[in-house]
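Reviewing the structure listed below.
Residue numbers (this note's numbering): 49 to 518.
Here it is, written out as structure tokens:
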């Protein structure tokens, strides 16, 4: 845990703040305003800013900072504390909470050119970028931000143990390439890199075919396929690219092969894989779709909640726990290598799992602004689960069907990426209320579309557009 000590030493040397034992009025005012500003950035968040009994932390105490983050998450805000390299400061999103030397805790609300707008418990003021950088200790507290390298600990002279690019799987390659090239630039002159590939789920039908062809058990068929895939990934280091159905990953693999970067693959556990594919096979998600189209919102929510809880348990929590153990083993065998991976947005929180094991992680999320404005309702729930943020799933799940249906409609019609389509779908859905969702579900029940996805999508899109014209 050498880097935890490093962070605290940096902050203690930089400034000394009093420990807050009681919640005074100035704490409540500043923190309440900060949470209201966060709420204004995303329709996902609920306003809990008036029910606060939380003191601002002692910035020189890791325990105090951790407790503060935990308490804010208990109020429903999936915030984190990260350090940001000072050369990346122009890329941050607003607002965020931080400490400034000789001033204490402030809300940083915006920046215009080289002017920074901050607010403390007494007043709002403008300071120059030079003054801000001079007084800023290098860390901030806020929601997950896109487009900026975040680090789990304070900046020091040591490199991170792991680097993660968090992205939709169909993201524009030009955006991912930018961060891949930055990772290459992070490596020392003679330092070797090691890429750890995220294993896409092997389809159950593929495993069944191998069972028939090679007369294998399901477990042995799964292992045989995984071994073949691992060999293909390893060949990237020899300059041999891999074909993938997704164009984005074709380009990623070509990039890695061109650079001859040594590569290995996620060691997905057989039983973990089986739980995930069987969950999809039993059709809970399809049942949720049918229940919504039949006008039964309660049944829809029951099916969707059961599916999502199990999907998160198997595909995020259990899978990421296994992945963390694998990464640690790789690091111990390759202590001097720069190790990096690309992971889906629903796996945000992986960096905290590694940090809790004593490893420092530098990660970047592909997108713009706060990540909550780049994801679907169900992914919002997953990120809350990953970070132990308290959430009532009923509201996001109520809106999830309509949002994802519109998203998929826009992907097909306008040829958008999932992230672009999600942003546009969210802009439409945020104009709806629960009564509108109920009305859409009841109207669909009269149409008898059943499982005809395209007709359902067309109807919902026209319904929302019609409401907006009124």
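By construction, the Cβ of each residue, glycine as well, lies at the ideal position given by its N, Cα and C atoms. Keep in mind the model is a prediction, meaning the values are calculated, not measured.
Taking 8 Å as the upper bound for CB-CB distance, residue 342 and residue 493 are in contact here, some 5 Å apart. Taken atom to atom, the span from the alpha-carbon of residue 402 to that of residue 436 is near 15 Å. Approximately 6 Å separates the beta-carbon atoms of residue 407 and residue 210; this is inside 8 Å, confirming the contact. For residue 319, the enclosing alpha helix (DSSP H) stretches over residues 318-329. Counting only the Cα atoms, residue 191 lies some 10 Å from residue 417.
Going by DSSP, residue 341 is part of the alpha helix (DSSP H) stretching over 332-341. Counting of Cβ neighbours within 10 angstroms places residue 363 among the buried residues, the total reaching 16 or more. The beta carbons of residue 450 and residue 429 sit no closer together than 8 Å. The Cβ atoms of residue 157 and residue 176 do not sit closer than 8 Å to each other. The Cβ atoms of residue 340 and residue 489 lie closer than 8 Å to each other. Shortest Cα-Cα distance from residue 359 to any of 381, 322, 77 involves 322. In the three-state reduction of the DSSP assignment, residue 216 falls in the coil class, being assigned neither a helical nor a strand state. Secondary structure in the stretch 425-509: no beta strand (DSSP E) run of 3 residues or longer lies completely within the stretch. Under the DSSP assignment, residue 163 falls in the beta strand (DSSP E) whose first and last residues are 163-167. Just so you know, the alpha carbons of residue 118 and residue 102 end up roughly 10 Å apart. Boundaries of the alpha helix (DSSP H) harbouring residue 259: 252-262, taken from the DSSP string. Per the C-alpha coordinates, the member of 186, 414, 419 positioned closest to residue 222 is 414. Within its own chain, the residues whose Cβ lies closer than 8 Å to the Cβ of residue 465, once the five positions on either side in sequence are excluded, are 216, 218, 219, 220, 459, listed in chain order. Residue 82: not part of any beta strand (DSSP E); member of the alpha helix (DSSP H) spanning 73-89, first to last residue. DSSP places residue 233 inside the alpha helix (DSSP H), whose first and last residues are 221-234. In the three-state DSSP reduction, residue 142 falls in the coil class, being neither helix nor strand.
According to the DSSP secondary-structure assignment, residue 173 is paired through a beta bridge with 166.
Distance from the CA of residue 317 to the CA of residue 255, rounded to the nearest whole angstrom, comes to 14 Å.
In the three-state reduction of the DSSP assignment, residue 391 falls in the strand class.
When DSSP reads this structure, residue 243 sits in a beta bridge with 311, 388. Contact annotation: the stretch 328-336 does not touch the stretch 277-292, with fewer than three C-beta pairs closer than 8 Å. Residue range 127-131 is occupied by the beta strand (DSSP E) that includes residue 131. A contact is defined here as three or more CB-CB pairs under 8 Å, and the stretch 169-184 meets this definition with respect to the stretch 144-154. For residue 447 and residue 485, the gap between their C-alpha atoms comes out near 7 Å. Membership of residue 372 in any beta strand (DSSP E) is not indicated; the residue belongs instead to the alpha helix (DSSP H) covering 367-381. Residue 241 sits buried, since 16 or more C-beta atoms from the chains shown fall within 10 Å of its C-beta. For residue 300, no beta strand (DSSP E) encloses it; the enclosing alpha helix (DSSP H) starts and ends at 295-306.
In chain order, 420, 428 place their CB closer than 6 Å to the CB of residue 92, counting only its own chain and leaving out the 5 sequence neighbours on each side. Around the C-beta of residue 425, 16 or more other C-beta atoms lie within 10 Å, and the residue is accordingly described as buried.
Residue state for residue 151 is assigned as coil, using DSSP reduced to three classes. Put simply, of 326, 127, 314, 135 the residue whose alpha carbon is nearest the alpha carbon of residue 373 is 314.
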